[in-house]
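Structure, as structure tokens:
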Amino acid sequence: MNKQELIKAIETLDKLYGDKTYIVRDDVLKLVGQLDEPQKVTVPKFVAEYIEFKKKYDFHVYGAMREIEDHYDKRVPEWFYENNIETFVRAWLDGYEVEKEPKYTVKVKATKQYLSNDEIGIHFDPSFRSNFTKSDLEKLGLGWVFDCEGMEVEKVGK
76 MNKQELIKAI ETLDKLYGDK TYIVRDDVLK LVGQLDEPQK VTVPKFVAEY
126 IEFKKKYDFH VYGAMREIED HYDKRVPEWF YENNIETFVR AWLDGYEVEK
176 EPKYTVKVKA TKQYLSNDEI GIHFDPSFRS NFTKSDLEKL GLGWVFDCEG
226 MEVEKVGK
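Convert by adding 75 to the 1-based position in the sequence shown; the result is the number in the working numbering.
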């Protein structure tokens, strides 16, 4: 329901009580609950971090957009200029959800052992496997597994 539809619906809510007209509060609250709110957009984690940083230091949306090219994480301006300017503004104004990073399993093709992370630490194991995000692997210094022919990287889930 949009704003105009809400106004029309409230205008039809009059109830007669003797010679006086009144509106039932519960009816109004029910209608207001149906009012559409701006939908939050979904942005990558690095964009969410950029927005939070700029808001923390009292930037307005225009100032944040003007300085986006100078950001140390070059993924931010790349994402921004890939037809995401409106998404950035909506995220700034209406809020956002952070994209869930996909998870992967990593296997050495030759030995069929999986990369694992458990109480032992990071190691390869023939039966136990762990799921990692790309960020997890990069932090561990293992971002190269995505480009190595001897490794099998498989996306887990959706």
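Every residue gets a Cβ at the ideal spot worked out from N, C-alpha and C, and that includes glycine.
Are there 16 or more other CB atoms within 10 angstroms of the CB of residue i, so buried, or fewer, so exposed?
{"i": "Ala-185", "result": "exposed"}
{"i": "Glu-191", "result": "In the sequence on display, residue 191 carries Ser and not Glu. Buried, by the Cβ-count rule."}
{"i": "Lys-105", "result": "exposed"}
{"i": "Ile-126", "result": "buried"}
{"i": "Val-99", "result": "exposed"}
Helix, strand or coil: which one does DSSP assign to residue i?
{"i": "Asp-200", "result": "strand"}
{"i": "Val-228", "result": "strand"}
{"i": "Glu-127", "result": "helix"}
{"i": "Glu-144", "result": "helix"}
Of the choices the options, whose alpha-carbon is the least far from that of residue i?
{"i": "Lys-178", "options": "Gln-114, Val-107, Glu-80 and Gly-232", "result": "Gly-232"}
{"i": "Gly-108", "options": "Glu-80, Asp-222, Val-228 and Lys-120", "result": "Glu-80"}
{"i": "Lys-182", "options": "Gly-170, Lys-230 and Val-118", "result": "Lys-230"}
{"i": "Lys-131", "options": "Trp-167, Glu-213 and Lys-149", "result": "Trp-167"}
{"i": "Ala-139", "options": "Lys-129, Asp-148 and Tyr-147", "result": "Lys-129"}
Indicate whether residue i and residue j have their beta-carbon atoms separated by less than 9 angstroms.
{"i": "Trp-154", "j": "Val-116", "result": "no"}
{"i": "Glu-174", "j": "Lys-209", "result": "no"}
Which same chain residues end up closer than 6 angstroms to residue i when comparing Cβ atoms and leaving out the 5 residues on each side of it in sequence?
{"i": "Gly-225", "result": "Lys-184"}
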